[in-house]
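J.:
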Amino acid sequence: MRHAHGPVRLLGLAVAMVMTLWAAPAQAASVLCTGFTGCLAAGRTNGGYGAVFLTSFWGMKGGHNCTNYVAYRLTHGRLAARPPGTNSALTWGPAAVHAGIPVDDEPAVGAVAWWDAGVGGASATSGHVAYVEAVLPGAVLVSEDNLDGDFRWRLMTRLDGTWPSGFIHYPASDGSPSGEFTSVTSPDAGTLDFWGSATDPDAQAGDRTYLVSLGGPRGTPGAETYTFDSEFFRFHRISLVGTRGPTSMFLYALNTPGTAGADVLLGQRTVTVRATSATHASFADSSIARSQLPKLRISVTPTRASGTVDVMRGPTLLKRVTMTSGTRQTVTLPRQRKGRWAISVRYRRSVAFTASSRTVYLRVR
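Numbered per this note's numbering, the sequence shown spans residues 1 to 365.
(1) Between the Cα of residue 87 and the Cα atoms of 111, 300 and 234, which residue gives the shortest distance?
(2) Taking the beta strand (DSSP E) that residue 128 falls in, what are its first and last residues?
(3) What is the rounded straight-line gap between the Cα of residue 345 and the Cα of residue 231?
(4) Excluding five sequence neighbours on each side, which residues of the same chain lie with their C-beta closer than 7 Å to the C-beta of residue 125?
(5) List the residues that DSSP assigns as beta-bridge partners of residue 153.
(6) Buried or exposed: residue 57, going by 16 or more other Cβ atoms within 10 Å of its Cβ?
(7) With distances taken from CA atoms, which of 334, 332, 273 and 41 is nearest residue 194?
(8) Taking the alpha-carbon positions, what's the residue 353 to residue 192 distance?
(9) What first and last residue would you give for the alpha helix (DSSP H) that runs through residue 75?
(10) Please work out which residues of its chain come closer than 7 Å, Cβ to Cβ, to residue 322, disregarding the five sequence neighbours upstream and downstream, and give them in chain order.
(11) Which residues does DSSP list as the beta-bridge partners of residue 280?
(12) At what residue ranges does the stretch 219-276 contain a whole run of the beta strand (DSSP E), taking only runs of 3 or more?
(13) Looking at the unbroken beta strand (DSSP E) that takes in residue 195, where does it start and where does it end?
(14) Looking only at its own chain, which residues have a Cβ that is under 6 Å from the Cβ of residue 312, when we skip the five neighbours before and after it?
(15) Residue 211 by DSSP, collapsed to three states: which one?
(16) Look at the alpha carbon of residue 159 and the alpha carbon of residue 107, and state the distance between them as a whole number of angstroms.
(17) Of the residues 256, 363, 175 and 348, which one's Cα is nearest the Cα of residue 82?
(18) Mind checking which residues open and close the alpha helix (DSSP H) that includes residue 95?
(19) Between which residues of its own chain and residue 185 is the CB-CB distance below 6 Å, once the five residues before and five after are set aside?
(20) What is the C-beta distance between residue 201 and residue 40, in whole angstroms, given that I count them as a contact (C-beta under 8 Å)?
(21) So which of 335, 319 and 337 has the shortest CA-CA distance to residue 329?
(22) Report yes if the C-beta distance between residue 188 and residue 64 is below 8 Å; otherwise report no.
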């Protein structure tokens with residue numbers, strides 16, 4: 001028989017209760033104690049959580065909350081890293097699977113019991129998690145806290161309708177940050193817009209420092225590097241950079257000074273940092289007779305810019321032109337009515353360049 005906490009007489013009582021529950025599977029799971037004080041009086045520990053339960057762990061909501069309690073147990077007396085996507089209780093199982101962490105139907109002391117939404121009496125919208133304290137024949141003993149509820153210990157069997165969806169077996173961490181580099185785009189000239197997530201399992205809540213290296217891994221000669229801070233597990237950053245064109249972006253989570261572990265590469269992604277474009281246009285003759293066809297000269301700089309140019313008169317598309325790198329084009333427009341017309345020449349943005357436009361004027365006699 002294996003157990004984690006509590007006097008032998010209480011564990012014996014738990015075994016006796018298991019036998020009773022097996023004989024009456026419809027009975028609800030047995031609550032062995034309730035409240036920090038009540039459970040301590042019964043020899044059931046909370047691992048010290050009662051003194052700090054208002055503090056957030058793993059970025060979870062402080063106070064009476066199942067996820068915050070389990071996060072505390074995973075980071076006190078042991079060290080486990082928070083996988084990306086671990087938020088409300090129902091996400092814990094899928095996030096662990098995505099991170100390659102074992103999730104199965106085999107309970108073990110120190111594992112996390114996880115209930116999907118609506119399973120085994122768990123919340124229909126957020127699920128539930130608890131900490132496995134002992135494994136008994138056909139049963140499991142857990143400690144748990146509850147949102148807007150209280151701390152308690154429970155005994156559950158496979159037959160009482162409260163069995164978890166699975167058990168998450170978090171590996172030990174060396175204290176290094178962990179997470180992922182999710183995505184990066186360049187929406188405007190010299191701009192990076194990226195997402196990531198990371199945690200430092202043995203650091204206090206607060207800002208984490210990250211390092212970006214463009215053009216090669218950290219330490220590459222000529223690479224553009226900068227750091228930034230974020231207090232959030234999942235972070236979003238928009239940065240102005242000097243690099244232009246295709247490049248490799250390396251994102252590192254820096255280990256918190258004074259804690260165990262080392263800096264970690266969260267990931268590497270290829271991105272094309274947009275450069276500013278300029279559209280140039282002029283009429284071969286800006287004053288023509290009604291019978292003449294307007295001829296418009298178009299170019300886009302830098303010369304390597306390519307893509308689509310729309311020639312517009314108000315909302316009316318007069319011509320659509322495909323520009324290739326380093327070319328200038330003279331295009332013939334449809335005949336125009338008499339008058340003075342503002343003609344807009346618009347270069348659509350490409351992967352490498354921002355959009356730009358130029359307005360020219362045509363007088364038709």
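Each residue gets a CB set at the ideal place from its N, CA and C atoms; glycine is no exception.
This structure is a prediction, so every number in the text was calculated from the model and none was measured.
T.: Looking at the coordinates:
(1) 234
(2) 128-136
(3) Cα to Cα, residue 345 sits roughly 45 Å from residue 231.
(4) Here the set comprises 117.
(5) 33 and 143
(6) buried
(7) 273
(8) Their backbone Cα atoms lie some 13 Å apart in a straight line.
(9) 66-75
(10) 308
(11) 299
(12) 224-230, 234-240, 245-253 and 264-273
(13) 191-199
(14) Its chain contains 344 as the residues whose beta carbon lies nearer than 6 Å to that of residue 312, once the 5 sequence neighbours on both sides are disregarded; these appear in chain order.
(15) strand
(16) 15 Å
(17) 175
(18) 92-98
(19) 193
(20) 27 Å between Cβ atoms; not a contact.
(21) Of the residues 335, 319 and 337, the one whose Cα lies closest to the Cα of residue 329 is 319.
(22) no
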